Amino acid sequence: MAVMFDKPEYFVNRECSWIEFNRRVLSEARDKSLPLLERLKFLSITASNLDEFFMIRVASLKDMVNAKYTGRDIAGMTAQEQLKVIGEKAHELVNQQYTTYNRSLLPALRQDGFELVTEHEALTDKQREFADQYFEENIYPVLTPMALDSSRPFPLIRNKTLNIGALISKKDEKKKTEFATVQVPSVLPRIIRLPDGKEGQKCGILLEEVIERNISKLFLNYDVVCAHPYRIMRNADLTIDEDEAADLLKEIQKQLKKRQWGEVIRLEIEEGMEPKLLKILKKELNVKEEDLYQINGPLDLTFLMKLYGIEGMDKYRYAPYKPQPVPGMNDEEDIFTQIRKGDILLHHPYMTFDPVVQFVKQAAVDPDVLAIKQTLYRVSGNSPIVAALAQAAENGKQVSVLVELKARFDEEHNIIWAKMLEKAGCHVIYGLHGLKTHSKITLVVRSEEDGIRRYVHLGTGNYNDSTAKLYTDCGILTCSEPIGEDATAVFNMLSGYSEPKSWNRLALAPIWLRGRFMRLIERETQHARDGKPARIIAKMNSLCDKEIIDALYQASAAGVKIDLIVRGICCLKVGIPGVSENITVRSIVGNFLEHARIFYFMNGGDEEFYMASADWMPRNLDKRVEILFPVEDDKIREEVRHILDIQLEDNVKAHVMQPDGSYEKIDKRGKTLLNCHDYFCEEARRRAWRSPDPVQTRVFIPMEAED
Amino acid sequence: MAVKMFASITIGSSETEMKVFELSPRKGMKEIDWINTRLNLGVDVYKMGRIGNRNIEELCQVLKEFKRIMAGYRVESYRVCATSAFRETKNAVVLVDYIEKQTGLEIEVLSNAEQRFIDYKSIASVTAEFETIIQNATAIVDIGGTSMQISLFDKDKLITTQNIRVGNVSTKEELAPYEKNRSHFEKMVTEILNHEFAGFNKLYQKDRKIKNLIIIGGNLRELMKRYETTDHKITSVSKEQFMGIYQKIVDLDPDQIAADFDISLEMTPVIVPSAIYCRCMIDSFGVETVWLPDYSLSEGAAYDYAEKNQYIQCNHSFEEDMIASARSISKRYKCSQPHIRVLENLALQVFDRMKKVHGMTQRDRLLLQISVILHNCGKFISLENVADCAYNIIMATEIIGLSQTEQNMIAYIVKYNTMPFPDYEDFDTAAEINIDDYLRIAKLTAILRLVNSLDRTHQQKCAEAVVTFKDNVLKVVAATREDLTLEARTFEEKGKFFEGVFHVHPVFKQKKQL
């Protein structure tokens with residue numbers, strides 16, 4: 000009897016899987032073997048992750064419920080059902096966050112010499128004086144208290160801002176209370192450093208505490224009955240109707256303003272808020288009980304990231320890792336000469352991102368370079384790449400840049416420098432209708448003695464020199480002719496011209512990529528059926544595409560050994576008898592954010608390696624422009640296999656998925672510990688040290704006086 | 000010679016494309032970039048008789064963008080060719096002028112014959128086996144929307160090229176209302192085509208089997224993509240393989256073909272009718288191999304340029320094809336071949352000796368040769384009105400590789416071979432003949448007239464005649480013992496016109512051999 004592989008019980012709901020992921024991140028914050036500030040950082044990350052999750056995912060489910068959409072997800076759940084489960088799990092997660100914060104991190108912080116004063120009543124006199132003066136000088140001028148009465152409607156509370164709600168009563172009318180609110184200004188640092196404490200410990204206090212302490216100064220003719228912080232989250236999933244928007248730019252700018260008016264999907268309040276105040280908030284913001292989060296501690300833990308950088312506490316942080324030079328590359332030769340000698344693998348952040356920046360920088364000034372074309376998704380604030388592109392255009396090169404405006408949350412930022420590039424004379428394309436351009440590709444066309452030569456960088460991560468220090472990504476620099484031809488075709492396609500008649504090496508979403516992955520998996524299945532050894536190793540951020548999971552189940556059932564390294568969401572279940580017994584799933588959560596997408600297929604011994612900008616998610620395969628590229632150079636293939644092997648051997652940062660969908664760390668007893676991030680850092684240092692140091696080989700020859 | 004960048008732009012009836020090539024003697028022709036955009040100019044012409052302003056503006060935008068890309072590649076030479084949409088639109092001259100002024104690009108509107116010739120060059124440029132293929136009888140068939148062009152080769156020579164007014168779009172549109180089901184459609188198309196091919200076979204195929212069919216257009220190549228790998232491109236299939244694929248698709252609708260074969264939806268509607276055409280030809284010509292080259296007009300234009308500028312060496316003589324094609328026309332109209340051979344020999348001698356005087360090019364020499372080959376075709380229709388009949392035959396016949404102007408020139412040269420040559424002021428004003436063309440017509444006519452007189456009797460008495468040119472005297476010496484009275488008299492008479500044109504005195508001498 001044929002086994003059915005697409006039963007809902009074979010799949011995990013993606014939101015549940017995501018919460019499971021955030022729990023793994025939280026487990027890093029709870030890991031006592033980590034330096035304290037690193038733990039704070041992880042806690043902060045779970046908080047910002049959860050914010051984003053609410054704004055995008057929960058919001059979208061709410062939309063579905065509002066639209067009375069009754070469809071079921073991959074795991075057979077309706078939106079309503081999902082919201083219920085998410086609500087429960089999210090509350091649980093938040094409780095865990097604050098238990099970690101209150102019971103573990105805050106005391107540890109105090110013990111290590113930093114006191115975060117949680118109640119202003121506990122301040123010393125000197126600190127009190129400082130705080131009040133700070134309020135007068137810095138805070139008071141930027142506060143805008145707003146009161147609600149019959150003549151003034153409930154004010155707009157901005158998404159994700161921290162606010163203090165208060166009940167106030169006129170000095171002569173004590174019985175009648177009014178609602179007032181004031182936003183905790185986001186322009187000021189959330190943590191205010193105070194004069195050192197009695198035992199010489201460093202001290203700080205949260206901004207909202209200082210405001211609360213001085214709140215009566217805001218409402219002079221009133222008595223403040225009570226004041227409590229609260230924070231809301233609104234629906235922010237930005238869906239642009241591209242068919243109607245004549246001008247994409249304008250439409251996005253319009254949407255940005257609208258976003259602040261979105262429906263409130265979460266209200267966080269301080270535990271113990273005055274019931275009357277809470278009632279007003281719930282009514283005015285239209286919040287249901289299940290969307291209310293009573294918090295035992297400061298709201299919005301993302302401020303902990305600021306604490307991470309606190310000076311004088313270096314020993315509670317990992318020493319910052321300096322990305323190492325790429326083995327085999329040097330500073331003497333221009334980058335094109337080096338690429339001509341053979342493909343170059345870049346493995347960030349272990350290796351420096353600098354060659355990618357140099358690639359564009361040198362192209363900008365190289366007289367033989369004719370054109371530079373690049374896709375930009377998210378770039379850093381002061382991106383050297385953007386500067387180089389602008390310079391190239393000014394130098395008369397043809398520069399085409401595809402700027403993806405639809406990159407979540409980055410729109411405003413992207414518009415600014417996109418306009419800057421246009422001004423410099425670049426040909427800027429603002430994305431494609433209905434598709435996000437997520438691929439990461441740069442093409443440099445150079446006119447050389449024997450004709451045109453194309454240099455291409457293909458990567459798994461964004462062209463962002465800042466995140467390249469934190470995200471693990473892979474990239475390849477090559478001047479392979481077939482890939483160069485494909486790269487040209489990619490940019491022609493992105494410029495609105497026809498797709499090429501055929502592709503040499505690359506596979507692109509949304510048209511060809513899904514089919515390619517399916518064929519690659521099915522080929523492996525066939526090999527297994529033919530009795531040949533068959534294996535797939537795939538590393539990505541998320542796996543939630545039904546068709547792909549289905550194919551993986553088929554492959555597993557046929558005997559293909561499948562090892563998945565999936566950092567985040569994974570809707571596939573392991574260990575289902577007859578379905579997924581040959582599949583393992585591990586998630587690596589550590590100091591760096593796992594971001595590379597690597598795919599290995601044994602192919603009956605004729606092994607194939609690929610890298611891509613895409614995850615195995617429907618949005619990547621169907622709604623984005625993504626690129627899958629093969630790794631063809633033998634040395635690099637070995638290197639890539641090594642990367643996968645080390646990740647599979649990791650027993651420190653890896654969490655292994657259990658048949659019940661939970662994740663567990665590997666039992667380390669009797670094993671040599673292997674932390675893949677540390678391993679790669681160490682390896683990169685070692686290799687860089689071995690490669691010839693340009694400084695030592697360079698000799699300056701002094702000129703001497705002639706006789 | 001260094002590497003040269005060449006851009007070839009084709010303004011087709013549904014697509015406008017640019018190909019950028021790198022030309023070098025070492026590597027030949029190498030495609031660097033291909034930029035293609037859909038622009039349906041043909042529909043405008045079909046519906047309104049002219050290309051609409053919106054499309055013209057859009058075309059200008061595209062061309063400006065192409066120009067920018069050309070600059071990016073530092074392209075030094077380019078060619079912009081416009082095809083049927085511009086050939087058929089009203090007011091083509093005005094439109095072309097407007098676009099040229101807007102874009103700064105120079106545009107050529109190709110005649111059908113020129114376009115076919117370039118097509119054919121492009122097939123030669125992308126098909127390595129081309130020379131071998133055309134040793135056997137081969138038909139190159141361009142399946143278009145409203146017509147189909149069949150060019151027949153045998154033993155390395157072009158036999159004929161014919162345009163059949165049946166196209167994949169027009170058949171589909173005409174037959175769709177009557178279609179009962181898929182196989183009924185197949186049956187109707189087959190019936191129409193078999194009728195057309197029967198006529199073609201009678202005229203040209205005779206008893207030869209056309210073993211090779213080279214198909215261009217009709218998007219049939221797209222069907223091969225599914226069977227190709229990155230390292231293995233399919234350029235040809237056997238009759239059996241073709242029929243295998245044919246059976247798979249003939250009953251499918253376009254959406255299904257798009258899904259099954261991973262072809263863009265815009266391309267699939269014409270695939271089934273094109274495949275049926277192809278099958279009909281396989282049946283009626285006895286085809287064994289179907290070739291599906293991946294080519295475009297742009298390739299041909301670049302190849303043409305590369306060949307002329309000696310970036311590539313080509314063994315195949317495309318001029319020979321034009322001559323062969325003219326010869327087969329002259330045979331069809333029962334022209335005396337021995338007579339023609341004598342005249343060709345003499346005419347080319349005269350042309351070559353007098354180069355310094357007339358200052359004409361190799362291309363003009365080719366026109367002269369074709370004029371000689373066709374100079375007698377009018378007699379097939381009427382002995383009385385030879386000149387006009389010949390003129391009409393030539394104007395109505397497609398001679399591959401000739402531009403519209405060149406075809407017109409040949410028709411005039413042949414016409415004025417027997418009619419009084421008009422002054423420029425009296426020349427046919429409807430014809431687009433400028434002064435330069437007029438002068439060339441006059442010169443070539445003078446040569447044709449002169450040598451024609453030398454075989455007045457059609458008895459090849461002057462077959463061995465030798466032409467010399469010295470001290471402004473053109474001397475023709477015929478070594479024969481035959482009576483040349485008639486020839487000599489006509490020579491003197493025709494010589495007057497010759498002298499009038501060239502200011503060279505022609506002298507005829509007979510050397511009576513012992």
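Protein chains in written order, with numbering that gives the first Met the number 0: chain Y, 0 to 706; chain B, 0 to 513. For glycine and all other residues, C-beta sits at the position ideal for the given N, C-alpha and C. Nothing here was measured: the structure is a model prediction, and the numbers come from that model.
What are the boundary residues of the alpha helix (DSSP H) that residue i is part of?
| i | result |
| --- | --- |
| Leu-365(B) | 361-373 |
| Ile-432(B) | Taken as a continuous stretch (DSSP letters only), Ile-432(B) belongs to no alpha helix (DSSP H), as it is neither H nor E. |
| Gln-246(B) | 238-248 |
| Leu-296(B) | 296-307 |
| Ser-283(B) | 270-284 |
| Ala-258(B) | 253-260 |
| Met-69(B) | 52-71 |
| Leu-306(Y) | 303-307 |
| Asn-391(B) | 385-395 |
| Met-610(Y) | Not the alpha helix (DSSP H): Met-610(Y) falls in the beta strand (DSSP E), residues 607-611. |
I think residue i touches residue j, with their Cβ atoms under 8 Å apart; what is that distance to the nearest whole Å?
| i | j | result |
| --- | --- | --- |
| Ala-557(Y) | Thr-583(Y) | Not really, about 16 Å apart at Cβ, beyond 8 Å. |
| Leu-442(Y) | Val-455(Y) | 5 Å |
| Lys-545(Y) | Gly-660(Y) | Actually they do not touch by this definition, with Cβ atoms about 17 Å apart. |
| Leu-476(Y) | Pro-354(Y) | 7 Å |
| Lys-373(B) | Ile-322(B) | Per the sequence shown, residue 373(B) should be read as Leu rather than Lys. About 11 Å separates the two Cβ atoms, so there is no contact after all. |
| Glu-270(Y) | Asn-295(Y) | 5 Å |
| Glu-105(B) | Lys-3(B) | Their Cβ separation, rounded to whole angstroms, is 18 Å, which puts Glu-105(B) and Lys-3(B) out of contact at 8 Å. |
| Met-266(B) | Glu-319(B) | That pair is no contact at about 36 Å. |
Could you check where the beta strand (DSSP E) with residue i kicks off and where it finishes?
| i | result |
| --- | --- |
| Tyr-411(B) | Here Tyr-411(B) belongs to no beta strand (DSSP E); instead the alpha helix (DSSP H) covers 403-417. |
| His-456(Y) | 450-458 |
| Thr-374(Y) | 368-375 |
| Ala-506(Y) | 506-508 |
| Pro-326(Y) | That residue, Pro-326(Y), is in no beta strand (DSSP E); it is neither H nor E in DSSP. |
Let me know the secondary structure DSSP gives residue i once reduced to three states.
| i | result |
| --- | --- |
| Glu-631(Y) | coil |
| Phe-598(Y) | strand |
| Lys-287(Y) | coil |
| Lys-210(B) | coil |
| Met-616(Y) | coil |
| Ile-98(B) | helix |
| Arg-23(Y) | helix |
| Asn-482(B) | According to the sequence displayed, residue 482(B) carries Asp and not Asn. Correct three-state label for Asp-482(B): coil. |
| Pro-348(Y) | coil |
| Phe-218(Y) | coil |
| Trp-502(Y) | coil |
| Asn-162(B) | strand |
| Arg-265(Y) | strand |
| Ile-8(B) | strand |
| Tyr-432(Y) | According to the sequence as given, residue 432(Y) is His; it is not Tyr. If DSSP states are grouped into helix, strand and coil, His-432(Y) belongs with coil. |
| Ala-743(Y) | A query on residue 743(Y) cannot be resolved here, the shown segment of chain Y reaching from 0 to 706 and no further. |
| Pro-228(Y) | strand |
Mind listing, in chain order, the continuous alpha helix (DSSP H) runs of no fewer than 4 residues lying wholly within the region 512-549 of chain Y?
-> Listed in chain order, they are 512-528.
Counting Cβ pairs, one atom from each stretch, are 3 or more of them under 8 Å apart for the region 158-165 of chain B and the region 303-317 of chain B?
-> Output reads no: the region 303-317 of chain B does not touch the region 158-165 of chain B.
Are the region 25-42 of chain B and the region 319-335 of chain B touching, with three or more C-beta to C-beta distances below 8 Å?
-> Touching, no, given that fewer than three Cβ pairs across the two stretches are closer than 8 Å.
At least 3 beta-carbon pairs within less than 8 Å: the region 647-655 of chain Y vs the region 665-684 of chain Y | Three or more Cβ pairs closer than 8 Å define a contact, and the region 647-655 of chain Y meets that threshold against the region 665-684 of chain Y.
Between the region 588-600 of chain Y and the region 394-404 of chain Y, do at least 3 Cβ pairs fall closer than 8 Å?
-> Verdict: no, contact absent.
For the region 111-175 of chain B, list the beta strand (DSSP E) runs that are entirely contained and at least 3 residues long, ordered along the chain.
-> For the region 111-175 of chain B, whole beta strand (DSSP E) runs of length 3 or above, ordered along the chain, are 137-142, 147-153, 156-163.
Counting pairs of Cβ atoms below 8 Å between the region 194-213 of chain Y and the region 167-175 of chain Y, do you hit three or more?
-> Between the region 194-213 of chain Y and the region 167-175 of chain Y there are fewer than three C-beta pairs closer than 8 Å, too few to call the two in contact.
Quick check: the region 61-73 of chain Y against the region 338-353 of chain Y, are there 3 or more CB pairs under 8 Å?
-> Counting Cβ pairs under 8 Å, fewer than three are found: no touch.
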